[in-house]
Structure formats: structure tokens, C-alpha cells
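Novice:
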Amino acid sequence: MTMAGFRVRDLDALRMVPHPAVTLLLEFGAGSPVVDCGAGRQQRGSIVAGPGIGTGGGVRARGENVECVQVRLSPVIARAVLAASPADLDGAVVSLEDLWGRDASRIRDRLGDVSSWRDRFTLTDALLARRHEAGPPPVDAEVAWAWRRITGSRGRVRIDELAAEVGWSRKRLWSRFRSQLGLPPKHAAKLVRFDHAVHCLAAGRGAARVAADAGYADQSHLHRDVMAFTGTTPATVADEPFLAVDPLAWPSRGKP
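Residues 1 to 256 (the UniProt record's numbering) make up the sequence shown, in order.
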């Protein structure tokens, strides 16, 4: 789990770049962020989004006087924390109130009562830890292991090999992985590889080098993948502010 804090006076159509995690935005400020989900759909206030949200470049956040804590949860633990499977999100942006009811308002009030980001992170960590302990059973050990292999290899692993390593058929791995983590294993590997590549681009590395290091066939392959996930080019996505909260892209900066 990672956390970052945002305080933005004027948030103007910030593109949400897909990420291989379940994302929570816990707002507590005077304003209220709005997430435009495409096709005229919107969500206001605190939200939850499944892995890969924003694929295609169609999800943007906006608002005035926005203050929030962003939490990125591994899909492996998200089910216990949310009391809902990432698969139930079905790639959509969901209001936190729809999942947690009045607890969402209580969290908002408690975050607003503390004055420092350090205290907000500590409070958020404790709240989510309690939910995790009280939540439903974890995912299958084989699914968790496959996820760790995918993330550990930065997406450079064959699904046939994963299935063989856990002693399952490819079909069984696909079914269990998809139902418990919210996306098929092959797509998860592509998303993890993309995430690593795009943060390397944001860190200022050249596209040709990034393509080679991330395991793409060539620079054109990287270009197609970035376009598919973000709707824009590698050169453009490298300057996306949404990537600036990650230490991989900005190792010299702390949490904002």
C-alpha cells in the first residue's frame, strides 16, 4: 500500500493514468473533487477505482480547493479492505459511500480534524489496517503468488509459466485471477509493464531505452501500448502531473 496527499486550489481536468492497483481517493477539504468517467458519468467526493482505471485516457479529475489522501492498494489485499472484490468494481469508479455507507463520512471528518499530512497518513493506515483485519478471507495463495510474480518481473512473465508454477491449468488461473483481482493475468502483466515504462518516461529516460529495458519489442510497440492505455503519446504522458506522486518518477521528492 502506498499513500500520497494532494492539496490543489484549482484542479483542471487531471488525466488519471492507469495503474495496477485499486485506488482510493479520500477527500476531506472544503471543495469536492469530481471524477469524469466518460459517457457523461461522474462521481463526486471520495471514490474507489479498480486496477487500470483510466484506460483509454477517458477518466479525468477536476475541482476547486481539493484536499485528499490517495491510497493505492494491491488487488491482493483490496478485497479485505473494501469488503468487496476488485472484480465487483468492473473497471468503474465507485463512490466510497456506496461501499462503506456512513463510515465514508466518518473518515472524511476524521481526516479533516488532523492538521498534518503525516497524521493523516497515520490515521488512514490505521483505519485501513482495522478494515483489513476484519475483512473477508484473503485471495487464494496461488493467485497472490502469481500476482507477486507478475509485479516482481515488471510484467515480463508468460502466463503459461505462471500456471505451470502454481500447478493449475491456464484456464483455472485465468478464472481465479480474474474473479479475485478484477482483471485477467495477461492484462495484469501488460498493465504492470506499462506502469513501469510510463514512470521511467516521467523520470526523463528516453523512449528507446525504456522500450528495451521494459521488454517491448521495439519503440513502436511501446508507443502502441501507451496510446492504448492513455490515449496519448509517450512524449505527452511523460509530463502528466498524475505521475508526479510516485517515487519511481520523482525519487528526490517526498510525499506532496
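The beta carbon of each residue, even a glycine, is placed where N, CA and C say it ideally should be.
Should the region 113-129 be regarded as contacting the region 145-159, the criterion being three or more beta carbon pairs within less than 8 Å?
Specialist: In short, these stretches do not touch, since the Cβ pair count stays below three.
Novice: Go through the region 36-98 residue by residue and report every complete run of the beta strand (DSSP E) that reaches 3 residues or more, in order.
Specialist: Listed in chain order, they are 41-44, 47-49, 60-73, 93-95.
Novice: Quick one, which of 201, 240, 241 has its alpha-carbon nearest residue 223's?
Specialist: Residue 201 is the option with its Cα nearest to residue 223.
Novice: What residue from 57, 82, 117 has the CA that sits closest to residue 29's CA?
Specialist: When only C-alpha atoms are compared, the closest one is 117.
Novice: Looking at the structure shown, is residue 28 part of a helix, part of a strand, or coil, going by DSSP?
Specialist: Coil, per DSSP.
Novice: If you follow the beta strand (DSSP E) that residue 10 is part of, which residue opens it and which one closes it?
Specialist: 2-15 is the span of the beta strand (DSSP E), which, as asked, contains residue 10.
Novice: Assess contact between the region 140-154 and the region 181-192, defined as three or more Cβ pairs (one per stretch) separated by less than 8 Å. Is contact present?
Specialist: Touching, yes, given that three or more Cβ pairs across the two stretches are closer than 8 Å.
Novice: Using the beta-carbon count (16 or more within 10 Å), is residue 42 buried or exposed?
Specialist: So residue 42 counts as exposed.
Novice: Please go through the same chain and pick out, in chain order, the residues whose beta-carbon is closer than 7 Å to the beta-carbon of residue 232, but skip the five residues on each side of it.
Specialist: Taken in chain order, the residues that qualify are 57.
Novice: Need the endpoints of the alpha helix (DSSP H) that residue 152 sits in, please.
Specialist: Run containing residue 152: 141-152, per the alpha helix (DSSP H) assignment.
Novice: Judging by CA-CA distance, which residue of 230, 235, 236, 24 is the nearest neighbour of residue 17?
Specialist: It is 230.
Novice: Does residue 124 come out as helix, strand or coil in the three-state DSSP assignment?
Specialist: Reduced to three states, the DSSP call for residue 124 is helix.
Novice: Can you give the Cα-Cα distance for residue 219 and residue 240, rounded to whole angstroms?
Specialist: Looking at the two C-alpha atoms, the distance is approximately 20 Å.
Novice: Between residue 207 and the rest of its own chain, which residues show a CB-CB distance below 8 Å, the 5 nearest in sequence each way excluded?
Specialist: 201, 219, 222, 223, 234, 235.
Novice: In the DSSP output, which residue or residues are listed as bridge partners for residue 23?
Specialist: 49, 72, per the DSSP bridge assignment.
Novice: Looking at residue 93 and residue 53, is the spacing between their C-beta atoms short of 8 Å?
Specialist: Yes, Cβ-Cβ distance for residue 53 and residue 93 is below 8 Å.
Novice: Taking residue 89 and residue 182 to be in contact with their CB atoms under 8 Å, please state how far apart those CB atoms are, rounded to whole angstroms.
Specialist: That belief holds up - the Cβ atoms of residue 89 and residue 182 are roughly 6 Å apart, short of 8 Å.
Novice: Mind checking whether residue 3 and residue 76 have CB atoms under 8 Å apart?
Specialist: No; because the gap between Cβ atoms is not below 8 Å, this pair is not in contact.
Novice: Is DSSP giving residue 226 helix, strand or coil here?
Specialist: The answer is helix: DSSP assigns residue 226 an H, G or I state.
Novice: Leaving out the 5 sequence neighbours to the left and right, which residues in its chain are closer than 8 Å to residue 11 when beta-carbon positions are compared?
Specialist: The residues are 33, 61, 62, 63, 64, 66.
Novice: Taking residue 83 as the reference, give the member of 143, 95, 100 with the closest Cα.
Specialist: Among 143, 95, 100, the Cα nearest to that of residue 83 belongs to 100.
Novice: For residue 128, which residues from the same chain have a beta carbon less than 6 Å from its beta carbon, with the 5 sequence-adjacent residues on both sides left out?
Specialist: Closer than 6 Å at Cβ, skipping near neighbours: 81.
Novice: Are residue 69 and residue 5 touching if we call contact CB-CB under 8 Å?
Specialist: For residue 69 and residue 5, yes; Cβs fall inside 8 Å.
Novice: Do residue 26 and residue 111 have their CB atoms nearer than 8 Å?
Specialist: Cβ distance < 8 Å, so residue 26 and residue 111 count as in contact.
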